[in-house]
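Asker: Its first residue numbered 60, the sequence shown is counted upward by one per residue in my numbering.
Here a beta-carbon is modelled for each residue, glycine too, at the ideal position from N, C-alpha and C.
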Amino acid sequence: MILDDKFKFKERGTTLRTEILAGVTTFITMSYIIIVNPGVLQKTGMDFNAVFIATILSAIIGTLIMGFVANYPIAIAPGLGMNAYFAFVIVLGMGIPWQSALGSVFIASVIFLLLSLTGFRQALIEAIPVSLKAGISGGIGLFIAFIGMQNAHLVTSSPATIITLGNFSEPVAYMSLIGLLITIVLLVNDVPAAIFLGMLITAILSFCLGYISLPDSFFSLPCDFSATFMQLDIIHAFSPNLLAIIFTFFLVTLFDTTGTMIGIAEQAGLIGKDGKFPNVRSALLADALASTIGAILGTSPTSSYVESGTGVAIGGRTGFTCVVVAILFGFMLFLAPIAKVLADVPAITSPALIIVGFLMMKNLNKIDWGNLEESLPAFFVLFWMPLSYSITNGVGAGLIIYPLIKIFKGKFKTVHPLLYLFMVLFIIQFILMNR
Numbered sequence: 060m061i062l063d064d065k066f067k068f069k070e071r072g073t074t075l076r077t078e079i080l081a082g083v084t085t086f087i088t089m090s091y092i093i094i095v096n097p098g099v100l101q102k103t104g105m106d107f108n109a110v111f112i113a114t115i116l117s118a119i120i121g122t123l124i125m126g127f128v129a130n131y132p133i134a135i136a137p138g139l140g141m142n143a144y145f146a147f148v149i150v151l152g153m154g155i156p157w158q159s160a161l162g163s164v165f166i167a168s169v170i171f172l173l174l175s176l177t178g179f180r181q182a183l184i185e186a187i188p189v190s191l192k193a194g195i196s197g198g199i200g201l202f203i204a205f206i207g208m209q210n211a212h213l214v215t216s217s218p219a220t221i222i223t224l225g226n227f228s229e230p231v232a233y234m235s236l237i238g239l240l241i242t243i244v245l246l247v248n249d250v251p252a253a254i255f256l257g258m259l260i261t262a263i264l265s266f267c268l269g270y271i272s273l274p275d276s277f278f279s280l281p282c283d284f285s286a287t288f289m290q291l292d293i294i295h296a297f298s299p300n301l302l303a304i305i306f307t308f309f310l311v312t313l314f315d316t317t318g319t320m321i322g323i324a325e326q327a328g329l330i331g332k333d334g335k336f337p338n339v340r341s342a343l344l345a346d347a348l349a350s351t352i353g354a355i356l357g358t359s360p361t362s363s364y365v366e367s368g369t370g371v372a373i374g375g376r377t378g379f380t381c382v383v384v385a386i387l388f389g390f391m392l393f394l395a396p397i398a399k400v401l402a403d404v405p406a407i408t409s410p411a412l413i414i415v416g417f418l419m420m421k422n423l424n425k426i427d428w429g430n431l432e433e434s435l436p437a438f439f440v441l442f443w444m445p446l447s448y449s450i451t452n453g454v455g456a457g458l459i460i461y462p463l464i465k466i467f468k469g470k471f472k473t474v475h476p477l478l479y480l481f482m483v484l485f486i487i488q489f490i491l492m493n494r
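#1: For R340, which of A167, S168, L183 and D106 has the nearest alpha-carbon?
#2: CB-CB under 7 angstroms to L441, same chain, minus the five flanking residues each way: which ones, in chain order?
#3: On the criterion of 16 or more Cβ atoms from any shown chain inside 10 Å, does F278 qualify as buried, or is it exposed?
#4: Count the C-beta pairs between the region 281-300 and the region 160-172 that are closer than 8 angstroms, then say yes if the count reaches three, no if not.
#5: Determine, using beta-carbon pairs with one atom in the region 417-428 and one in the region 461-471, whether at least three such pairs fall under 8 angstroms.
#6: By alpha-carbon positions, which one of K102, S168 and A253 ends up nearest to T84?
#7: Near K470, what residues of its chain come up, given a Cβ to Cβ distance below 8 angstroms and the 5 sequence neighbours on each side ignored?
#8: Which of the three DSSP states is assigned to T223 in this structure?
#9: Does the beta carbon of I120 come closer than 7 angstroms to any beta carbon on chain C?
#10: From K102 to A204, what distance separates their C-alpha atoms?
#11: Figure out for me which residue from N338, P476, L343 and Y479 has the closest Cα to the Cα of T317.
#12: How big is the Cα-Cα spacing for G207 and I413?
#13: Would the beta-carbon of A406 fall within 7 angstroms of that of M234?
#14: Taking contact to mean at least 3 C-beta pairs separated by less than 8 angstroms, is the region 261-278 in contact with the region 225-240?
#15: Is the beta carbon of T122 sitting closer than 7 angstroms to the one on A385?
#16: With distances taken from CA atoms, which of A118, F393 and P410 is nearest V244?
#17: Taking the alpha carbon of E366 as the point to measure from, which residue in I155, C381 and S359 has its own alpha carbon closest?
#18: Distance check for T88 and T261, CA to CA, integer angstroms please.
#19: Between which two residues does the beta strand (DSSP E) harbouring T84 extend?
#20: Can you give me the Cβ contacts of I149 inside the same chain, cut-off strictly under 8 angstroms, excluding the 5 residues immediately before and after it?
#21: Considering just the uninterrupted stretch of the alpha helix (DSSP H) at V110, what are its terminal residues?
#22: Just to confirm my understanding: we take A167, look at its own chain, exclude 5 residues before and 5 after, and list those with CB closer than 6 angstroms. What are they?
#23: Could you tell me the boundaries of the beta strand (DSSP E) in which S363 lies?
#24: With DSSP as the reference, please indicate the residues paired to A136 in a beta bridge.
#25: On the three-state DSSP scale, how would you describe T545?
#26: Closest by CA to K421, which one among Q209, K472 and I323?
#27: Can you tell me which of the three DSSP states T215 falls into?
#28: Please tell me whether V415 and A372 are closer than 7 angstroms, where the distance is taken between their beta carbons.
#29: Buried or exposed for D346, please, with buried defined as at least 16 other CB atoms from any protein chain shown within 10 angstroms of its CB.
#30: What alpha helix (DSSP H) runs, 4 residues minimum, are completely inside the region 377-456?
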């Protein structure tokens, strides 16, 4: 079978049917970005429809490269946190034109791409100890579950305690609880594709109860996106006040995507016992190319998606999962009304995120909790990711604390030099963030 030879289904213990289900599941859980990303970036003055097309095209290109070249089930699309930084901090907060901000994204992405070609990122991944890799995976799991709980309105903000239980009488909350219960029942009974079936049943129930309205039109032709295509201003991006922004884009993209890749690959069992990440350079190149192309098309930085864990959780193990995701993104070019319906119903996707968060906890058994030198840095990664609402902050905490502990234990020679470099960079980053 041609597909089996290309994607190694048997070798990785999967099937074509499982990969298709994994791709559909991953797409559904991340489809919100199709609406959310242009919705955020239009606040900067960018055209909604143009960003809509740019979002889909950058996702298709990056995800296909990941699938065909790297053969990993890790989808790529514009990152939700980075678009907020782009819009609210750089453009609206600092008053920088969105064209110059896109130029900064492009420059940071090119640096990112060049470092991926040199093997720098691969060396960094291999330099990170097993305990931190497991902590990153578990931290992303907690982060995903937290996002799912928020989207489901199962938790909400509180002026007294910062966060508290949500109002379960709200339709979003109780429909999410119903979806979560359905998914749990399917999961504990070993029903294949339990997460996907849970979302499907929840969607049907939501429609029957009137919480989903079918759009007036199911199809629409792709719109013109010349309003953002090739509109980046690279020259002004080199101005002194934007150099720090380029550095921030680079640092956040590096560790958001690298951290996510480690977490998803650990979840899928694709990282060897020696901690090596097979074919990692191709995976990193896919990520870097997508971000570079995205800036040209007219969108904020792309990222490897934590929602890829939903597909991995139901058995996705190869790049064919990404091929399915890319195909479905392609359909969205013509099915914008349907995309909006899916993106606007958090009760469908939130239970999946919560369950995936739980499933990613299994990697914590790789941490030697009796060894404080290894377990304390991993704990702070776990602790910081969801509470600071940032994968980068969690990774940064671990990469600062781990080398410091080794230094004060007199074991500084056991730490890879790259970890010292990023310890210093993250300290600088945290100082700059709080000025």
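Answerer: This is what the structure holds:
#1: L183
#2: G194, G197, G198 and L201
#3: exposed
#4: yes
#5: no
#6: A253
#7: E432
#8: strand
#9: Considering every chain present, this structure includes no chain C. It has just one protein chain.
#10: 28 angstroms
#11: L343
#12: 5 angstroms
#13: yes
#14: yes
#15: yes
#16: P410
#17: C381
#18: 13 angstroms
#19: Premise fails: T84 lies in the alpha helix (DSSP H), L75 to M89, not in any beta strand (DSSP E).
#20: I155, A160, S163 and I304
#21: F107 to I124
#22: I305, F308 and F309
#23: T361 to S363
#24: S362
#25: Outside the shown range of the chain, which is 60 to 494, sits residue 545, and nothing can be said about it.
#26: I323
#27: strand
#28: yes
#29: buried
#30: 379-391, 395-402, 405-418 and 431-447
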